[in-house]
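*Asks:* Per this note's numbering, the sequence shown runs over residues 603 to 1021.
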Amino acid sequence: MSNKSEASRQTTATEDSLRLLIDTTPAFLHTALPDGALDFLNEGWLEFVGLPLTDLVGWRWTTAIHPEDVKEFVDKWRASVASGEPFVAESRVRRANGEYRWFLHRKVPLRDETGKIVKWYGSSLEIEDRKRADEELLRSEAYLSEAQRLSHTGSFGWDVPSGEIHWSDETFRIFELEPKTKITTDLILQRTHPDDRQAVQQLIERASSERTEFALEHRLLMPDGSIKYLRVVGRPLQDEERRSEFVGAVTDITDQRRSEESLRKSEAYLADAQKLSQTGSWAWSPEAGIKYWSEECYRVQGFDPRDGLPRFEELFQRIHPDDQPKLKELWQRMVHEEIEFETDYRLVHLDGAVRDIHSTAHPVFSPSGNLIEFMGTVIDVTERKRAEEELRASEARLAEAQRLSQTGSLGWNIITGER
603 MSNKSEASRQ TTATEDSLRL LIDTTPAFLH TALPDGALDF LNEGWLEFVG
653 LPLTDLVGWR WTTAIHPEDV KEFVDKWRAS VASGEPFVAE SRVRRANGEY
703 RWFLHRKVPL RDETGKIVKW YGSSLEIEDR KRADEELLRS EAYLSEAQRL
753 SHTGSFGWDV PSGEIHWSDE TFRIFELEPK TKITTDLILQ RTHPDDRQAV
803 QQLIERASSE RTEFALEHRL LMPDGSIKYL RVVGRPLQDE ERRSEFVGAV
853 TDITDQRRSE ESLRKSEAYL ADAQKLSQTG SWAWSPEAGI KYWSEECYRV
903 QGFDPRDGLP RFEELFQRIH PDDQPKLKEL WQRMVHEEIE FETDYRLVHL
953 DGAVRDIHST AHPVFSPSGN LIEFMGTVID VTERKRAEEE LRASEARLAE
1003 AQRLSQTGSL GWNIITGER
């Protein structure tokens, strides 16, 4: 009798120890019957949800699962019960204060000697912090992906010894390749414009052997025959053990290059138009002085573009002495009153030649109304002036000849009768 009592006390002590272990473990533990109905939840679970065991056993526990997660969670649990396969799932569980927290749930079956399931044992770990970190990571990756898409800049990683190359989604889009395509240096060379392949090949070889930063602009020849312009930069990782690995960026600069080409063409057309019309353009501000002169502006006013932008004082010294007072007064009015002007003056070139100049200017203001600069034109009207003077001289000679010969002249429009 004594031995039975001792054995009973030992069994009770063991059960108490086991119960204490189950109720104090950081994990939330539970068990279920072979049909999936829960029959036990440890104290940690009960304290978390703030409900008694009777409100959770069977299938009542579903009331503590977030409404959006219940159907998928239950369907997956029933499928595991039916198949006997271990269960793993995530769901949000309502805390006693009404807050939902993410948990990772695992359940494994206990089988008898015949293989029949006699019990399910489960554990649940709170993963709220990890979930938030994952969501933040996904959000950051989404922002990065969108930034790359908007800037037409992709990223890459390149492990030189293994030859493995990893591309971002935008890099695949730039090269117009499927995201699952295996990237190799040979494939990159195949996409590279034939005239640029040697330069790209040399860069790959130099980066592989010297482990140094690199930068290159080159073209891609796309399958449809179109051409893309790329700027590629890369550098080895700073970790000495991983200096064979490169990270970098690929930027599609096609639109930029085309804009530059269009701008160059426009500038060439403008330069030709200015040369043909003998019209130069300029920009000047009271603070910075002369900011810009077109090529024709240098020629019209007798300066050498190789000397750079002249100072305003240098230009003023070239103005004919008789015209300097007028120009000085006009310039002061223009600055103080911020007005437009149109005037004629004479310039004396270094070789002594005098040229007649017609100049216009107008102020440019910021959106807030502050003066930014003056922009204007200079036109060489010397030939026109000479022709006007010659015409006036011819008219004077004709008038004098008529006076001396007492001869008049007559014009008569026979249609209108106007004389």
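The C-beta atom is built at its ideal place from N, Cα and C for all residues, glycine as well.
Secondary structure at P688, three-state DSSP: helix, strand or coil?
*Replies:* P688 falls in the coil class under three-state DSSP.
*Asks:* Taking only runs that begin and end inside the stretch 717-783, name each unbroken beta strand (DSSP E) of 3 or more residues, in chain order.
*Replies:* For the stretch 717-783, whole beta strand (DSSP E) runs of length 3 or above, ordered along the chain, are 719-728, 755-761 and 766-769.
*Asks:* Could you check if R988 is buried or exposed, using at least 16 other CB atoms within 10 Å of its CB as the buried criterion?
*Replies:* Its Cβ having fewer than 16 others within 10 Å, R988 is exposed.
*Asks:* What is the DSSP secondary structure of E898, counted as helix, strand or coil?
*Replies:* Three-state result, E898: helix.
*Asks:* On the three-state DSSP scale, how would you describe H964?
*Replies:* Strand.
*Asks:* Determine the burial state of K709: buried for a count of at least 16 other Cβ atoms within 10 Å of its Cβ, exposed for fewer.
*Replies:* That one is buried.
*Asks:* Please list the terminal residues of the continuous beta strand (DSSP E) segment that includes H938.
*Replies:* That residue, H938, is in no beta strand (DSSP E); its alpha helix (DSSP H) goes Q926 to E939.
*Asks:* For I921, collect the residues of the same chain with a Cβ closer than 8 Å to its Cβ; drop the 5 residues on either side in sequence, then sort them by chain order.
*Replies:* Correct list, in chain order: L929, Y947, R948, L949 and V950.
*Asks:* For A749, does the count of other Cβ atoms within 10 angstroms reach 16, so buried, or fall short, so exposed?
*Replies:* It counts as exposed.
*Asks:* Quick check: what's the CA-CA separation for F848 versus K718?
*Replies:* So the two alpha carbons sit approximately 55 Å from each other.
*Asks:* Could you pull out every unbroken beta strand (DSSP E) segment of at least 3 residues lying fully inside the stretch 654-711, listed in chain order?
*Replies:* The qualifying runs are 689-696.
*Asks:* I'd like to know whether the C-beta of E940 is nearer than 9 Å to at least one C-beta of chain C.
*Replies:* In the structure shown, chain C cannot be found, because there is only a single protein chain.
*Asks:* Secondary structure at L839, three-state DSSP: helix, strand or coil?
*Replies:* Coil, per DSSP.
*Asks:* Assuming L932 and F918 are in contact, meaning their beta carbons sit under 8 Å apart, how far apart are those beta carbons, in whole angstroms?
*Replies:* With a Cβ gap of about 12 Å, L932 and F918 do not count as contacting.
*Asks:* Taking only the alpha-carbon atoms, compute the straight-line gap between I974 and S968 and give it to the nearest angstrom.
*Replies:* About 6 Å.
*Asks:* Going by beta carbon distance, what residues of the same chain come within less than 6 Å of S1075, once the five residues before and after it are set aside?
*Replies:* Within the shown structure, residues of the chain are numbered from 603 to 1021, placing residue 1075 beyond reach of any answer.
*Asks:* Assess, as a yes-or-no matter, whether the stretch 864-877 is touched by the stretch 768-785 under the definition of 3 or more beta carbon pairs within less than 8 Å.
*Replies:* Segments in contact, no.
*Asks:* DSSP on S883, reduced to helix/strand/coil?
*Replies:* Strand.
*Asks:* Cβ of A809 within 9 Å of Cβ of V835?
*Replies:* Contact: no.
*Asks:* So, with DSSP's three-state summary, where would you put L623?
*Replies:* Reliability of the predicted coordinates at L623 is poor, the pLDDT of 47 falling under 50, and the value obtained from them is presented with this limitation in mind. In this structure, L623 counts as helix in the three-state DSSP scheme.
*Asks:* Who are I959's beta bridge partners in DSSP?
*Replies:* Y947 and D982.
*Asks:* What does the Cβ neighbour count give for R999, buried or exposed, with the cut at 16 atoms within 10 Å?
*Replies:* Exposed.
*Asks:* On the DSSP letters alone, give me the boundaries of the beta strand (DSSP E) that D1025 sits inside.
*Replies:* Only positions 603 to 1021 of the chain appear in this structure, which leaves residue 1025 out of reach.
*Asks:* According to DSSP, which residues form a beta bridge with E819?
*Replies:* DSSP lists R833 as partners of E819.
*Asks:* Could you give the distance in angstroms between the alpha-carbon of E737 and the alpha-carbon of I776?
*Replies:* One C-alpha to the other measures close to 27 Å.
*Asks:* Under 9 Å, do H961 and I981 count as touching if we go by C-beta distance?
*Replies:* Checking the sequence, you will find Ser at residue 961 rather than His. Against a cut-off of 9 Å, the Cβ pair of I981 and S961 comes out as a contact.
*Asks:* Taking Cβ to Cβ, would you say G882 is nearer than 9 Å to L911?
*Replies:* Going by C-beta atoms, G882 is not nearer than 9 Å to L911.
*Asks:* Just to check my reading of the structure: L818 and V802 have Cβ atoms closer than 8 Å, yes? What is that Cβ distance to the nearest angstrom?
*Replies:* Confirmed, Cβ separation roughly 7 Å.
*Asks:* Let me check one thing: in DSSP terms, what residues is A634 bridge-paired to?
*Replies:* A634 pairs with L640 and W722.
*Asks:* Within its chain, find whatever has a CB closer than 7 Å to the CB of L623; leave out the 5 residues flanking it on each side and keep chain order.
*Replies:* Low per-residue confidence applies at L623: pLDDT is 47, beneath 50, and the placement is therefore not dependable, though the value from the model is reported in the following sentence. Taken in chain order, the list of residues that qualify is empty.
*Asks:* Could you check whether L706 and V690 sit closer than 9 Å to each other, using their CB atoms as the reference points?
*Replies:* Yes. Within cutoff.
*Asks:* Based on DSSP bridge pairs, tell me the residues matched to R977.
*Replies:* Looking at the sequence itself, residue 977 is Met, so the reference to Arg does not match. Answer by DSSP bridge pairing, in chain order: A885 and H964.
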